[in-house]
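Protein sequences, first through last, are from chains A and B.
For the first sequence, the working numbering assigns the number 120 to the initial residue and increments by one for each residue that follows.
For the second sequence, the working numbering assigns the number -13 to the initial residue and increments by one for each residue that follows.
Glycine included, each C-beta is placed from N, C-alpha and C at the ideal position.
If you're wondering where the values come from, they're calculated on a predicted model, not measured in any experiment.
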Amino acid sequence: MTAKRPGTISGLSAWIDAVRHDKRAAVGAGIIVFFILLALFGPLLVGDPNDLVGVPLQPPSAQHLLGTTGQGQDVFAQLVVGTRTSLLIGFSVGLTVVLVGALIGVTAGYAGGRVDGLLSLLFNVFLVIPGLPLAIVIAAYLPSGPLTLGFVLVIAGWAWNARVLRAQTLALRNRDFVAASVVAGESGWRIVTAEILPNMTSLLVSQVIGGTVYAIGAQVGLEFLGLGDVSAVTWGTNLYWAQNDSALLTGAWWTFAPTGLCVALVGFGLTMLNSGFDEITNPRLRLERAWRAYLTARNQRPGRSTPVVAMGDDNV
Amino acid sequence: MRYILKRLGFYLLAGWVALTLNFFLPRLMPGDPATALFARFRGMLGPEALDALRETFGLTDAPLIMQYFTYLGHVLQGDLGISVAYFPSPVLDVIQGGLVWTVLLAGSALIISFVIGSLLGVAAAWWRFGRIDSLAPPLSALLGAFPYFWLAMVALYIFGFKFGWFPLGHAYSDAVTPGFNAAFIADVARHAVLPVGTVVIATIGGWLLTMRNTMVMVLGMDYVNLARAKGLSPSRVALRYAARNALIPSVTGFGMALGFVLGGSLLTEIVFSYPGQGYLLVQAVRSQDYALMQGIFLIITLAVLGANFIVDLVSLWLDPRIRETTS
Chain A
120 MTAKRPGTIS GLSAWIDAVR HDKRAAVGAG IIVFFILLAL FGPLLVGDPN DLVGVPLQPP
180 SAQHLLGTTG QGQDVFAQLV VGTRTSLLIG FSVGLTVVLV GALIGVTAGY AGGRVDGLLS
240 LLFNVFLVIP GLPLAIVIAA YLPSGPLTLG FVLVIAGWAW NARVLRAQTL ALRNRDFVAA
300 SVVAGESGWR IVTAEILPNM TSLLVSQVIG GTVYAIGAQV GLEFLGLGDV SAVTWGTNLY
360 WAQNDSALLT GAWWTFAPTG LCVALVGFGL TMLNSGFDEI TNPRLRLERA WRAYLTARNQ
420 RPGRSTPVVA MGDDNV
Chain B
-13 MRYILKRLGF YLLAGWVALT LNFFLPRLMP GDPATALFAR FRGMLGPEAL DALRETFGLT
47 DAPLIMQYFT YLGHVLQGDL GISVAYFPSP VLDVIQGGLV WTVLLAGSAL IISFVIGSLL
107 GVAAAWWRFG RIDSLAPPLS ALLGAFPYFW LAMVALYIFG FKFGWFPLGH AYSDAVTPGF
167 NAAFIADVAR HAVLPVGTVV IATIGGWLLT MRNTMVMVLG MDYVNLARAK GLSPSRVALR
227 YAARNALIPS VTGFGMALGF VLGGSLLTEI VFSYPGQGYL LVQAVRSQDY ALMQGIFLII
287 TLAVLGANFI VDLVSLWLDP RIRETTS
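Set out below in structure tokens:
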């Protein structure tokens, strides 16, 4: 029994709603859809990115839209083919950190007591150990490849999700509908999967998006260091080769500029999607927006202390 | 006091976890770690260096638990092994050489970004729906999306390569003599502008948004209205009454952001060949200098733990509520 009231939006339908009604969410969704299509079909349209097609370090021209690399490969082809691997790792790591985070965070929040103490200690320790150096040392010992990359990114990134999901579980646990299920004699497993998790759907989805932003950025960073498979074509290795071939000191901006822009665009799109969604589902922001519209309609300017109306138990 | 002890205990525990992770990592390698490690170094290292390495990591035939204690003993004495990339310097010496540059780069970037970002956040919340408030959030989201090191590459290309305003790398030029003299300090500052600037640009949005959002909430509180009703000057209300309290979540976040910003600034160092930990780290990765790599991981982790403890003390001072709930 997911507690749904008329007019309250939750879960996946809220996302569709967000994209339909919020400008930022729409822009974000547009960017992401574009890159997903590029990842799916782009590689079919460009040639082999490893082919040596021309003179090294040629600036962009009609023949090579984004010029050539220090080895004479087509930058555009590398960019397009790199999209596929980078997005694939990004989304799967984003999903995995939330799964691991949910497993540990929800268990901690629901079980309470000593289990909670121990698990909380675990994720707090992982939160405070700097992620990138940890990921680097682990990756250096394992055979390089996408699996290693994904593994270290999950190790370095799950703790934040666990912390947030534990807090949310604690909050939900004290709600009446959970208490009712406990009294009704439902098993712990059922309460978690049928009562608690469904009420966190929107948070989980937004965490997957946030996790993907993290994963893409961190992955590009690790590959830039040479910790990925440097013979594979991904956004990170493109930048690694650009740096290694001293692209900067020869003025070959086209070998690194487009890749970084794509990384940023995907990150920006995902963040916009998330914040647009927040605007739709967060009761406080929603209320604030309504209040603002009300004032503007009456030719008044909102003051410094726009009242924040307590929403009480209404934000299930 | 109990709170401080509790936090101290937590950081000690976290430090121990990092030490233990460091011990087990080489043993994660497929196959027998000792042979795998030495196969890699054969030819590069003399037998004494191999023995030293073996000693440091406790990679002996002794039982694992004994190896573990040997390792702990060495680390506590500051013996992190011998660097392969900078043979035959001890790892600790190599790391010490780069530490000051990393602290300078990451430290000044963090502080500048925190101060300017938070002030802008206060301004955005104070002039709500004004120009800063409508422009800053999307701009921060966009800037925050760029990888730090990529921003560094672009900055280096434009301001270093194209315009030649700033040097292309390193922490200071060969022309000056290191020491406490004006020429050297000016030279270091000139070299630091681009690396620090790019980290500031990449991180400033986070502080701005956190501060803005808390400030908006605080400005709605009764005591702020009261302060205004009393006729206090706007700047006094904004800074002494609202901003001071709105700062608390930012300070808490400061500790969390520390590790993250440090990671980014390590990558930035590489772009600028800035001789800090990041640059050493990439040398270590390229020459498979495991002892150096692990030493850097350990030192960085300990530094972050220490800094987090300081942040805890600051928030204790800022927020009396912590004192009350734990005593």
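Is the distance from the Cβ of residue i to the Cβ of residue j below 8 Å?
i: B/F317; j: A/G379; result: Here chain B has residues from -13 to 313 only, and residue 317 of chain B is not among them.
i: A/A281; j: A/G224; result: yes
i: A/V234; j: B/N294; result: no
i: A/V217; j: A/Q326; result: yes
i: B/G191; j: B/S126; result: yes
i: A/V194; j: A/T356; result: no
i: B/Y134; j: B/A188; result: yes
i: A/I315; j: A/V302; result: no
i: B/M197; j: B/A232; result: yes
i: B/G262; j: A/P249; result: no
i: B/L62; j: B/Y260; result: no
i: A/L206; j: A/A158; result: yes
i: A/V244; j: B/A0; result: yes
i: B/V185; j: B/V247; result: yes
i: B/I308; j: B/L302; result: yes
i: B/A4; j: B/T287; result: yes
i: B/F152; j: B/V182; result: no
Among the options, which one has its Cα closest to the Cα of residue i?
i: A/V172; options: A/T415, A/I328 and A/T188; result: A/T188
i: B/W112; options: B/L50, B/G262 and B/P220; result: B/P220
i: B/M279; options: B/G264, B/A289 and B/V290; result: B/G264
i: B/L(-2); options: B/L291, B/W303 and B/V186; result: B/L291
i: B/R176; options: B/F9, B/W2, B/W193 and B/F145; result: B/F145
i: A/A145; options: A/G336, A/T312 and A/N393; result: A/N393
i: B/A138; options: A/Y260, A/F245, A/W372 and A/T226; result: A/W372
i: A/R309; options: A/F153, A/Y229 and A/Q192; result: A/Y229
i: A/T267; options: A/G236, A/L346 and A/L284; result: A/L346
i: A/L238; options: A/L251, A/V219 and A/I208; result: A/V219
i: A/I151; options: A/L406, A/I328, A/G370 and A/L344; result: A/I328
i: A/N363; options: A/A351, A/F343 and A/A376; result: A/F343
i: A/G330; options: A/L176, A/V212, A/S132 and A/V385; result: A/V212
i: A/S350; options: A/T204, A/L272 and A/G147; result: A/T204
i: B/G67; options: B/L299, B/A110, B/G(-5) and B/A277; result: B/A277
Distance check for residue j and residue i, CA to CA, integer angstroms please.
i: B/A122; j: B/G59; result: 51 Å
i: B/P124; j: B/V77; result: 44 Å
i: B/R226; j: A/A258; result: 47 Å
i: A/L358; j: A/S306; result: 51 Å
i: A/Q190; j: A/Q338; result: 23 Å
i: A/L396; j: A/V138; result: The question names Leu, but residue 396 of chain A is Phe in the sequence shown. Straight-line Cα distance between these residues: approximately 8 Å.
i: B/M326; j: B/M201; result: Coverage of chain B is limited to positions -13 through 313, which leaves residue 326 of chain B absent and any answer about it impossible.
i: B/V80; j: A/A286; result: 42 Å
i: B/A141; j: A/L341; result: 21 Å
i: A/F242; j: A/N418; result: 50 Å
i: B/V174; j: B/R214; result: 46 Å
i: B/G217; j: B/Y209; result: 13 Å
i: B/T254; j: B/H156; result: 12 Å
i: B/I171; j: B/W136; result: 27 Å
i: B/S75; j: B/L50; result: 28 Å
i: B/Y57; j: B/F9; result: 7 Å
i: B/R323; j: B/R222; result: Here chain B has residues from -13 to 313 only, and residue 323 of chain B is not among them.
i: A/A416; j: A/E407; result: 14 Å
i: A/G126; j: A/S132; result: With a pLDDT of 42 at A/G126, under the threshold of 50, the modelled position of that residue is not reliable, and the figure given next carries that caveat. So the alpha carbons of these two residues sit roughly 12 Å apart.
i: A/L384; j: A/A148; result: 11 Å
i: A/L289; j: A/F153; result: 38 Å
i: A/L222; j: A/P252; result: 25 Å
Please classify residue i: does DSSP put it in a helix, a strand, or coil?
i: A/N434; result: Its pLDDT being 36, under 50, A/N434 is placed unreliably in this model, and the value from its coordinates should be taken loosely. A/N434: coil per DSSP, three-state reduction.
i: B/P181; result: helix
i: B/I68; result: strand
i: A/T187; result: strand
i: A/P377; result: helix
i: A/P252; result: helix
i: B/P124; result: helix
i: B/D79; result: helix
i: A/D348; result: coil
i: A/D193; result: strand
i: B/Q63; result: coil
Is residue i near the ligand SAM - that is, is its Cβ less than 7 Å away from at least one heavy atom of it?
i: A/P262; result: Of ligands this structure carries none, so the ligand SAM is not represented either.
Q) Are the stretch 267 to 278 of chain B and the stretch 67 to 76 of chain B in contact at 8 Å, needing three or more beta carbon pairs? A) The stretch 267 to 278 of chain B, when compared against the stretch 67 to 76 of chain B, does touch it at the 8 Å Cβ threshold.
Q. Does the pairing of the stretch 152 to 170 of chain B with the stretch 93 to 112 of chain B give three or more beta-carbon distances under 8 Å?
A. No contact exists between the stretch 152 to 170 of chain B and the stretch 93 to 112 of chain B.
Q. So, do the stretch 198 to 211 of chain A and the stretch 149 to 166 of chain A have three or more beta carbon pairs nearer to each other than 8 Å?
A. Result yes; three or more Cβ-Cβ pairs closer than 8 Å.
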